[in-house]
Amino acid sequence: MYNVKKLLSLILMLSITILIVACNNTTEMIDDQSYDDDNNLIVVGFSQPGAESAWRVALTDSVKEAFTEEKGYKLIYKDGQSKQDNQIRDIRTFIQQGVDYIILSPIVETGWDTVLEEAKEADIPVIICDRDVMVSNEALYTAFVGSNFAAEGKKAITYMENKYKPDAEGNLPRVNIVHIQGTMGSSAQIGRSKALEKGLEEHENWKVVAEGSGDFTKAKAKEIMKNALQQVHSSEIDVIYCENDEEALGAIAALDEAGIPHGDGTGITIISFDATTSALKLCMEGKISLVVECNPLQGNYLYNMISLLEEGEAAPKLTYVDEGQFTKDDLTEEFIDERKY
Ligand code: GYE
C-alpha cells in the first residue's frame, strides 16, 4: 500500500516537472522569437494622449515617418483615448516590454512622477514631446521637445493690442471676449490661457463675457459657443479666443447655424492656434483673423535627439520647435496646399 502511494506521488511529481519544463520552453521560444524580430532595431514607445484634433494626427504621422524600420527603428504607438490613466498604463507596458526609449506627449502637466520614476529605475530615457510636464525633479525625464505655449499666447495678445488701440482722444474700445479653453491642465491650455489672463490684467477694457473648456475638440467648442450665445447677445461679442483650430471650427459652426456674421467687416474677431490647413483656408477667407502657428512636425526633432543619445552624447534639456503666425495677408492658396498639415 505504502509503495503504491509512493509510486503515485512520484508519477505526479514527474508529470509536474515535465509540465513546468514544457511551459518554460514555450515562454523562451516566444521571447526568442520577438527578440529576433526586433534584433538590431531601436525600440521606441510613443504615448499620445488621443486623436482629438487634426494637429495631433499630424504629430502622430510625423513621429511615425521619423522612426521607420529602414532607419533602424521600431515604433510602438499607443493612443491614450484622452485619459491620463491610459497613458500611464501604456508607459508601464513600454517599461515591461523593455523598450529603448519612451516618447511621452502628456495630456496634462501633473501626475507623472511615479511612472517616470519607474522608467528611470528601468534605465529607459523618456523624452517629453509637444506638451510639458511638471515634476518634482527634472531629472525624471531626459529632454523636452515641443512648443512654447506662453510665446504662442503672447503673439495672440500682441495682435489684440494692436487691433484694439485707444482712439485719438484716448478712449479705450470695448473688448468683450469669449474664451474657449483647451483641455484643462494641459500645458497648451495653461500657456495660452495665462497669456490672455495677463492681457486682461493689463487692459481694463478687456473682459471675458463667456468661458468654457472645449477640450480641444470641435464638438465641445460648438456647444460652448452655443451656450455663450444664450448668455450674451452676439452684438456684445468682440473676440472669440479659441485655444486651437478645432475649437475655432466649432465656434464658427455655432455662429453659422445661428446666422451670425463673423470675421472681416463684422464686429467679431476670431483668434485660433495651430495653423492647420482648414483654419488657414478660413483665415485666407477672412473668417479667422489670426492663426498662431503650433508646429506638429516634431518627428525629426525627436529623431535627431535620439540619434544624439544613441551616440552617447548629451541631449539638450529643452528644445522649442519653430513656429510663426498668420493673418490673411500672409496666405496664398499655393502656400496652404504645400503645407503638410
Ligand atoms: O494645439 C491641439 C491639440 O498640445 C499643442 O493639442 C497641442 C495641442 C494642439 O489637440 O490642437
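The opening position of the sequence shown corresponds to residue 75 in the numbering used here, with each subsequent residue numbered one higher. The beta carbon of each residue, even a glycine, is placed where N, CA and C say it ideally should be. Keep in mind the model is a prediction, meaning the values are calculated, not measured.
The ligand GYE and residue i: does any heavy atom of the ligand fall closer than 7 Å to the residue's C-beta?
i, result
"ASP348", "yes"
"ASN318", "yes"
"ASP204", "yes"
"ARG413", "no"
"ARG163", "no"
"PHE218", "no"
"SER352", "no"
"TRP129", "yes"
"CYS368", "yes"
"PHE120", "no"
"PHE400", "no"
"ALA262", "yes"
"GLU156", "First, the residue type needs correcting, since residue 156 is Ser and not Glu in the sequence shown. No, since every heavy atom of the ligand GYE falls outside the 7 Å radius drawn around the Cβ of SER156."
"GLU126", "yes"
"SER221", "yes"
"PHE409", "no"
"PHE290", "yes"
Looking only at C-alpha atoms, which of the options sits nearest to residue i?
i, options, result
"THR223", "SER261, ALA242 and CYS203", "Note that residue 223 corresponds to Phe in the displayed sequence, not to Thr. When only C-alpha atoms are compared, the closest one is SER261."
"ILE345", "ASN245, VAL219 and ILE251", "ILE251"
"MET416", "VAL306, ASP289, GLY398 and THR406", "Here the chain covers residues 75 to 415 and nothing more, so residue 416 does not appear."
"ALA388", "ILE201, THR142 and LYS145", "ILE201"
"VAL282", "ILE231, VAL313 and HIS336", "VAL313"
"ALA332", "HIS307, ALA349 and ASP348", "HIS307"
"LYS152", "THR142, ASN113 and THR167", "THR167"
"THR340", "PHE218, ILE311 and PHE347", "ILE311"
"THR351", "GLN171, ASN318 and LYS294", "ASN318"
"HIS277", "LEU246, GLN305 and LYS294", "LEU246"
"PHE120", "GLY244, LEU376 and ILE298", "LEU376"
Could you pull out every residue in the same chain whose Cβ sits closer than 7 Å to the Cβ of residue i, ignoring the five residues on either side in sequence?
i, result
"ILE169", "GLU192, ALA193, ALA196 and ILE198"
"ASP404", "none"
"GLN158", "ILE181, VAL182 and GLY185"
"GLY398", "GLU367"
"TYR147", "LEU115, ILE116, VAL118 and PHE141"
"LYS300", "ALA328"
"GLN155", "GLY124"
"LEU214", "ASP187, LEU190, GLU191 and LYS194"
"TRP280", "VAL249, ILE251, GLY273 and LEU274"
"LYS355", "ILE410"
"GLN305", "ALA284"
Can you give the Cα-Cα distance for residue i and residue j, rounded to whole angstroms?
i, j, result
"ASP174", "TRP186", "19 Å"
"ILE264", "ASP206", "10 Å"
"LEU329", "GLU408", "28 Å"
"ALA125", "TYR415", "14 Å"
"VAL383", "ILE334", "As written in the sequence, residue 383 is Leu, which differs from the Val given in the question. Distance between the alpha carbons of LEU383 and ILE334 is about 54 Å."
"ILE116", "THR343", "48 Å"
"ASP411", "ALA225", "26 Å"
"SER309", "GLU320", "24 Å"
"ALA269", "LYS229", "9 Å"
"ILE231", "ASN211", "32 Å"
"TYR109", "GLN161", "Low confidence applies here, because TYR109 scores a pLDDT of 41, under 50, leaving its location unreliable; read the following figure in that light. Rounded to whole angstroms, TYR109 to GLN161 spans 25 Å at the Cα level."
"LYS296", "ILE326", "8 Å"
"GLY386", "ILE380", "10 Å"
"GLY256", "CYS316", "8 Å"
"GLY227", "SER179", "20 Å"
"CYS203", "LYS145", "21 Å"
"LYS237", "VAL209", "38 Å"
"ALA353", "GLY324", "11 Å"
"LEU133", "LEU149", "14 Å"
"SER267", "ASN113", "46 Å"
"ASN27", "LYS239", "The chain is shown only over 75 to 415; residue 27 falls outside these bounds and no answer can be derived."
"GLY220", "THR291", "20 Å"
"ILE165", "THR216", "15 Å"
"ALA349", "ASN374", "19 Å"
"ARG413", "ILE176", "28 Å"
"PHE218", "ALA242", "46 Å"
"GLN122", "ARG163", "12 Å"
"LEU303", "ALA322", "15 Å"
"LYS391", "PHE347", "25 Å"
"GLU143", "THR393", "25 Å"
Closer than 6 Å by C-beta to residue i: which residues in its own chain qualify, once you throw out the five before and the five after it? Chain order, please.
i, result
"LEU364", "TYR233, ILE345 and THR401"
"GLY172", "none"
"GLU285", "HIS253"
"VAL294", "The amino acid at residue 294 is misidentified as Val; the sequence shows Lys. GLY288, listed in sequence order."
Please confirm if residue i has its CB atom under 8 Å from at least one CB of chain D.
i, result
"GLU321", "Here there is only one protein chain, and chain D is not present."
Excluding the 5 residues preceding and the 5 following residue i in the sequence, name in chain order all residues of the same chain whose CB lies nearer than 8 Å to its CB.
i, result
"GLU235", "GLY273 and HIS277"
"VAL395", "VAL219, GLY220, SER221, ASN369, LEU371, GLN372 and TYR375"
- request: Could you tell me whether the stretch 368-381 touches the stretch 123-133, using the rule of 3 or more Cβ pairs below 8 Å?
  value: Between the stretch 368-381 and the stretch 123-133 there are three or more C-beta pairs closer than 8 Å, enough to call the two in contact.
- request: Pair every Cβ in the stretch 353-360 with every Cβ in the stretch 135-145, then say whether three or more of these pairs are closer than 8 Å.
  value: Taking 8 Å as the limit for Cβ pairs, the verdict is that the stretch 135-145 does not touch the stretch 353-360.
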